[in-house]
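Below is one structure, written out as structure tokens; the observations come after it.
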Amino acid sequence: MAMKMKHLLHKLPAERDLRAVPRPYINHSVELKKSFTPEERAGMLEAVGLNVFFFPSEMITGCDLLSDSGVTTMTGEQWAALHMGDEAYGSNRGYFMLKDQVRETFGSAFFNEPGVGEPNAFLFHQGRASEDALFSQLGKTGTDLIIPSNGHFDTTGANIEANTMHALNLFSDELAAPLSNAAFKGNMNVPALEALLEASHDRVPLVYLTITNNTAGGQPVSMANIREVRRITDEYSIPLFFDGCRFAENAWFIKQFEPGYADKQIKDIVREMFSHADGFTISFKKDGLVNMGGGLFIRNGGLFTKKYPHLPGMILDYQILTEGHPTYGGLCGRDIMALVSGLRIVTGCEYLTHRIEQVRRFGAEMSGRGIPVLNPVGGHAVYVDINRFFEGTAMKPDDFGGISLCAVLLAAYGHRACELGYFTFGRYDRDKEREIHPQLNFVRFAVPRLRYERQDLDSVVASMEALYENRDGIPGVRVMYGRELPLRHFKARFEFNK
Ligand code: F0G
């Protein structure tokens, strides 16, 4: 390089110092939005009983932050990969590429050679189908079983309970401390796990770690916690499974905040994380960077296959009955091609840094305006603490402030978030005629991958600031339908209190 240029580059402030780091991608194609007035949105919301899941996405003029699942903007390379999809009924081209990619990303023990080794890699159309396959078969191995986790996702918990097992959440103590800035609030509560296993290890067929911990505010899990949980499960010879939906984002936090990992590559951290697992379920709709896909992977020669030698065969039969041949398992050949490409992209440090910093900045902006968010902000979403949001107002727990906040935000400003709190995770006790409230009460603002820009999220922040200033005027809701149903948040209807 010419000396003059070298000198100049040295003298000029770096992009980072200018706070002008460009996005590590450009728009590949865009979709133009239609416009709707707040009155039109409010009318539609009333028509769907204030349930944001039923609100037509075409009418969302702001950001759709209902979920980060299946809403990734795919890269040009992924769209091109779709065209290379091989729709053969058995052993399509993408399947072999996926085998190599899964081995590369998570470890070679998670995908045996097709037709040679025992079946241990099962593709499904999404995460919950893989949970159903695992728990419907595992549930047959005993009665009165408990599956503890650092935090089961709602469908995971529901699949466990549907198979007559008990889903138990052992959240970390730091999670409940609003002022704690602990970096890994998603951790398993190790003393609680030890106590459970000491008392009832014969009732625990499997221990689960959700990585990152969506139900617990999207918080990451440290490598030290993974190691510790492994040590305890080993003591009792209990298999350890991951719910690995956001594995790459979790690895980024380990690199950033856990001593000893700063110089390691994300890829290597992911491999180390999964070296402790006997298997995992995964929804590829998150860190697979695709719109559809899931899987169940079991470690060849691991504790799970030793303890339950018949289960992989039973899972295979179940998969063929419900989804299809294991070489496509509920997915089109083209979906598999896009997934292979997504898994290659997601462990890239530039992508991940941009992704997580976008979410964390979004949270910091909300915090800066006094809105009570769970800190530190996790990798995929900002969680607003509803109890603190409505503190000092007339909002009561049974008014479901989170549900009404989402409805008002959508009507007034066209942004969609979702309640993950007293309504979603609570339940109505019919005998006692009262609501049982869970520990946590959040509204979640999930950020889809590669979809929105800073300006979009700034508009959500400004909208939330206006609602926070006017929180006294936000009415609660009453449940008109669905209070007693399982997974009630997907189905219920509400009305604003008069
Ligand atoms: N596990 C976790 C931790 C999840 O976050 C999800 C889905 C699943 C399992 C189920 O996967 O949707 O492919 O069947 N989470 C989405 C969300 C729906 O909005 O958080 P799926």
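First residue of the sequence shown? That's 2 in my numbering, and the numbers climb one at a time after it.
Every residue, glycine too, gets a C-beta built ideally from N, C-alpha and C.
Closest in C-alpha terms to Leu176, from the list Asn164, Gly483, Gly219, Ser137, comes Gly219.
In the three-state DSSP reduction, Asp101 falls in the helix class (H, G or I).
For Leu241, the enclosing beta strand (DSSP E) starts and ends at 241 to 244.
Take Lys492, set aside five residues on each side of it, and the residues of its chain with a beta-carbon closer than 7 Å to its own are Gly483, Leu486, in chain order. Across the set Leu197, Gly187, Pro240, the C-alpha of Gly187 shows the shortest separation from the C-alpha of Pro221.
The beta carbon of Arg104 lies closer than 6 Å to those of Phe112 in the same chain, with the five residues before and after it left out. With 16 or more other Cβ atoms from the protein chains shown falling within 10 Å of its own Cβ, Asp336 counts as buried.
In this structure, Thr156 has its CB closer than 7 Å to one or more heavy atoms of the ligand F0G.
The beta-carbon separation of Asp87 and Gly95, rounded to 6 Å, stays under the 8 Å limit for a contact.
In the DSSP assignment, Pro149 is bridged to Leu169. For Gln320, the three-state secondary structure derived from DSSP is helix. Residue pairing by DSSP puts Asp430 in a beta bridge opposite Arg435.
Taking all protein chains in view, the Cβ of Trp253 is crowded by 16 or more other Cβ atoms within 10 Å, so the residue is classified as buried. Contact between the region 228 to 244 and the region 203 to 216 is present, with at least three C-beta pairs closer than 8 Å.
In the three-state DSSP reduction, Gly280 falls in the strand class (E or B). Beta-bridge partners of Thr211 (DSSP): Asp244. Its Cα nearest to that of Ile346, the residue Thr74 stands out among Thr74, Thr323, Lys307, Lys7. Residue pairing by DSSP puts Asp386 in a beta bridge opposite Phe443.
Taken from the Cβ of Lys492, every heavy atom of the ligand F0G lies 7 Å or farther away. Residue Thr306 holds the alpha-carbon nearest to the alpha-carbon of Phe298 among Asn292, Pro23, Thr306. If only complete runs of 4 or more residues are kept, the region 9 to 92 shows the alpha helix (DSSP H) at 39 to 48, 77 to 84, in order along the chain. Between the region 128 to 147 and the region 340 to 354, the count of C-beta pairs closer than 8 Å stays below three; the two stretches do not touch.
Rounded to whole angstroms, Asn151 and Glu250 show a C-alpha spacing of 17 Å. Taking the Cβ atoms as the reference, Leu421 lies roughly 5 Å from Arg445, within the contact range of under 8 Å.
Here the region 389 to 400 lies against the region 462 to 482, with 3 or more beta-carbon pairs under 8 Å apart. In the DSSP assignment, Met481 falls within the beta strand (DSSP E) that extends over 478 to 482. Separation of Glu351 and Glu114 (C-alpha to C-alpha, rounded to the nearest whole angstrom) is 32 Å.
Under the criterion of beta carbons closer than 8 Å, Gly296 and Leu83 do not qualify as touching, at roughly 19 Å. Non-local beta-carbon contacts of Gly158 in its own chain, meaning distances under 6 Å to residues more than five positions away in sequence, involve Ala168 in chain order. In the structure shown, Gln456 falls within a helical segment according to DSSP collapsed to helix, strand and coil.
In its chain, beyond the 5 residues on either side, Asn301 have a beta carbon closer than 7 Å to the beta carbon of Gly118. Nearest to Gly289 by alpha-carbon distance, out of Val462, Pro449, Leu13, Pro25, is Pro449.
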